[in-house]
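What follows is a single structure, written as structure tokens, with notes after it.
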Amino acid sequence: MSNDKEERMPESFTPEEPETEIRDDRENIHEEPGLKQMEPEEPEQNGPDQEDDTEDGEDTAERQDDDIENDADISEIQDDEDDEDISEIKDDAKDEGGTDRMSESTKKKTRRRRRRKGSMGKKPWIIAGSIVGALAVIYLGISAFFIGHFYIDTEINGQDFSGKTVDDVENYIKEQVRDYELRIVEQNNESDVIKGSDISLTYKESDDIQKALDAQNPLLWPKAFFSVSSTNVTIDVGYDEEALNSKIQEVKAVTQEQTDPVSAYPKFDGNSFVVEPEVYGTAVNMDVLTQKITEYITEFRTELNMIDEECYMMPKYTSESPEVQNACDAMNQYCKASITYTMENENVVVDKELISTWLKYDDNMQVSLDENAVREWMREFGKKYDTVGTTRTLTTPNGKTTEVSGGTYGWSVDEDSETKTLINSIKNGEVTEKTPAYVQEAASHSEQDWGNTYVEVDLTDQHMWYIVDGSVAFETDVVTGLPTPDRETPSGVYSILELKRDKTLVGETDPATGEPIYETPVSYWMRVTWTGIGFHDATWQSSFGGDRYQSVGSHGCINMSYDDAATLYGMLSIGIPVVMHY
0 MSNDKEERMP ESFTPEEPET EIRDDRENIH EEPGLKQMEP EEPEQNGPDQ EDDTEDGEDT
60 AERQDDDIEN DADISEIQDD EDDEDISEIK DDAKDEGGTD RMSESTKKKT RRRRRRKGSM
120 GKKPWIIAGS IVGALAVIYL GISAFFIGHF YIDTEINGQD FSGKTVDDVE NYIKEQVRDY
180 ELRIVEQNNE SDVIKGSDIS LTYKESDDIQ KALDAQNPLL WPKAFFSVSS TNVTIDVGYD
240 EEALNSKIQE VKAVTQEQTD PVSAYPKFDG NSFVVEPEVY GTAVNMDVLT QKITEYITEF
300 RTELNMIDEE CYMMPKYTSE SPEVQNACDA MNQYCKASIT YTMENENVVV DKELISTWLK
360 YDDNMQVSLD ENAVREWMRE FGKKYDTVGT TRTLTTPNGK TTEVSGGTYG WSVDEDSETK
420 TLINSIKNGE VTEKTPAYVQ EAASHSEQDW GNTYVEVDLT DQHMWYIVDG SVAFETDVVT
480 GLPTPDRETP SGVYSILELK RDKTLVGETD PATGEPIYET PVSYWMRVTW TGIGFHDATW
540 QSSFGGDRYQ SVGSHGCINM SYDDAATLYG MLSIGIPVVM HY
């Protein structure tokens, strides 16, 4: 019966068409026909056949258990993200009959793959941890080194002691003291030497170097690679100060003639201000020299260049000083101005050539315009072109050549007003043409500035002319002032200041009587000065001309007959020049 059942099993366990892919859904895998449980047929007889049926049931149960195991293995394989491995495992799981059962070898392969992938995931963390640990050991080892050694790039009193110990530093110092010499380099390749033995140089040990080492944090050693650690340690050296001062006084630069330096400064080169370079003198700055020599000895430096260390009296400004260039720029700004005064026969130009002489700078290179210098120039300008009171040459209508000076008529520059205007023009860099401001003006800038219409009085010949446009329009004899200091008629060039009819002339007060020395009414009054000189009719004079003025002369006025005074009065106007000469 057993054999019969084995022959019947294939007929009743005919699977459906096998699946070509392993499905992702676990339930679908369980429902595949190849894995369904076979239902046993009812036995026809009891007895031995029944035992065979029992054996068949046991075989079926074993197959079901295998199916469950296969299901679990496949589920684990499907959870893996590696699609190629899943495909390979599923292919191995198929048996010769097309079923999806996994063989024992397939199960073992799956387990090995899972173990291998798990160990590969742990390796990066193990490697990283090893590296960090190694770096920490190295870092702490280096830190331990710097407990007893100075940082890299550590300078002590100007000397490099990178990675050195306290003993290294002290031994270096002792060696320097033993054979120390300081060479002093001066101008013109001159030099002097101060030896340690000359000044009894010794090293005084102290704990300052150890303190400097203790002050550094060994754990922070990496920062030394990014900056120089400069440590100033007081290295106590002993020396004979008196001997050192004596050696300093023997330096050639100190014993030679001392000349002061000259700073760079703005200089006008004819076109603009440029920087004139500095000139170095030979004068030594003893304070600086003494200080530098002491520092060099303390630091055991072997060569001191007096120029580089500015041991000479240095110029305040050099050609590289921005203050000097700024001063040049400011001065050149002033020099942009150009003011042209248009006079009668010439132009007077105030430009950079003149302005440059009026510019100045102080000790701080602050530029300013010397306004006093401008004012003085304007005063000289006025003297040259002012004609009031100056001596002029003239030829009288009767051909006599003479000179006249004094008076109140003529050109007179308004110096105060024009000085202010000129200063502002220069500061603003103006370029302009102009005539100067005048207090008063004349008819012409020629030598005879009264022009060709004027009144002329010859005080010697006692005669007067009224000339209009160069021709004599009226003339007559006159009587002028008595030739005494208090009554003579003043010479000079004046002008008609006032025209008035029926004027009473009042003289000075007589001290004895307290009354005016005269009070004389006149019909025609033509004032020449504000001190009381003028033309007027004098009916008390019996005649005019000749030498009458020497005996019956006036108190300074020009006496005329009534008719002549009336005629002249009718011809004159305010401002007509009056020339009176001898």
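Here the sequence shown stands for residues 0 to 581, numbered as in the working numbering. C-beta atoms are modelled at their ideal positions from N, C-alpha and C, and glycine is treated no differently.
Per the C-alpha coordinates, the member of Ser245, Tyr523, Glu298 positioned closest to phenylalanine 160 is Glu298. Note: tyrosine 238 is not bridge-paired with any residue in the DSSP secondary-structure output. Exclusion of the five residues before and after aspartate 167 leaves Phe160 as the residues of its chain whose Cβ lies within less than 8 Å of its Cβ. Looking at the backbone, the Cα of serine 416 and that of proline 435 are separated by about 9 Å.
Residue environment: serine 553 is assigned as buried (16 or more neighbouring CB atoms within 10 Å of its CB, all protein chains considered). Here the C-alpha atom of valine 412 lies approximately 21 Å from the C-alpha atom of alanine 336.
DSSP places threonine 392 outside any alpha helix (DSSP H); the residue lies instead in the beta strand (DSSP E), whose first and last residues are 388 to 394.
In this structure the stretch 309 to 324 lies against the stretch 274 to 282, because at least three pairs of beta carbons, one per stretch, are closer than 8 Å. In this structure the stretch 348 to 365 does not lie against the stretch 390 to 398, because fewer than three pairs of beta carbons, one per stretch, are closer than 8 Å.
If you look at isoleucine 354, you'll find it in the alpha helix (DSSP H) that goes 351 to 354. In the three-state scheme derived from DSSP, where H, G and I count as helix and E and B as strand, methionine 342 is classed as coil. Pairing aspartate 213 with isoleucine 172, the inter-Cα distance amounts to about 19 Å.
Of the residues assessed, arginine 177 falls on the exposed side of the cut-off, its CB having fewer than 16 other CB atoms within 10 angstroms. Taking 8 Å as the cut-off, the beta carbon of glutamate 446 is found closer than this to the beta carbon of threonine 392.
In the three-state scheme derived from DSSP, where H, G and I count as helix and E and B as strand, isoleucine 146 is classed as coil. Between histidine 535 and tyrosine 517, the CB-CB gap reaches or exceeds 8 Å. When the alpha-carbon of lysine 194 is set against those of Asn170, Lys266, Ile292, Glu169, the nearest one is in Ile292. When DSSP states are grouped into helix, strand and coil, threonine 508 belongs to the strand group. Aspartate 448 has its alpha-carbon roughly 15 Å from the corresponding atom of histidine 580. Around serine 490, the same chain offers Val403, Ser404, Gly405, Gly406, Leu458, Met579, His580, Tyr581 as residues with beta carbons nearer than 8 Å, after the five sequence neighbours per side are excluded. By the criterion of at least three beta-carbon pairs nearer than 8 Å, the stretch 542 to 557 is in contact with the stretch 474 to 487.
A residue is called buried once 16 or more other Cβ atoms fall within 10 Å of its Cβ, and methionine 559 is buried on that count. Taken in chain order, the unbroken stretches of alpha helix (DSSP H) that lie wholly in the stretch 477 to 558 and span 4 residues or more are 548 to 551. In this structure, the straight-line span from the alpha carbon of isoleucine 573 to that of serine 494 is close to 8 Å. Going by beta carbons, valine 349 and leucine 421 fall inside the 8 Å limit.
In the structure shown, asparagine 325 adopts helical secondary structure according to DSSP, grouped into three states. With respect to alanine 441, glycine 409 sits close: the two C-beta atoms are nearer than 8 Å. Spatial neighbours of leucine 353 in its own chain (CB-CB distance under 8 Å, excluding positions within 5 residues in sequence) are listed in chain order as Trp376. Excluding sequence positions up to five before and after serine 318, its CB lies within less than 7 Å of the CB of Ala263, Val274, Pro276, Glu277, all in the same chain and listed in chain order. Burial is judged here by how many other beta carbons sit within 10 angstroms of a residue's own beta carbon; valine 471 has fewer than 16 and is exposed. Pairing glutamate 514 with alanine 537, the inter-Cα distance amounts to about 22 Å.
In terms of Cα proximity to isoleucine 532, the closest of Leu498, Gly544, Asn427 is Leu498. Secondary structure of threonine 254 (DSSP, three-state): helix. The criterion of a C-beta distance shorter than 8 Å is not satisfied by isoleucine 151 and valine 250. Restricted to the stretch 395 to 420, the beta strand (DSSP E) segments that are unbroken, complete and at least 3 residues in length are 400 to 405, listed in chain order.
The beta-bridge partner set that DSSP reports for tryptophan 220 is empty.
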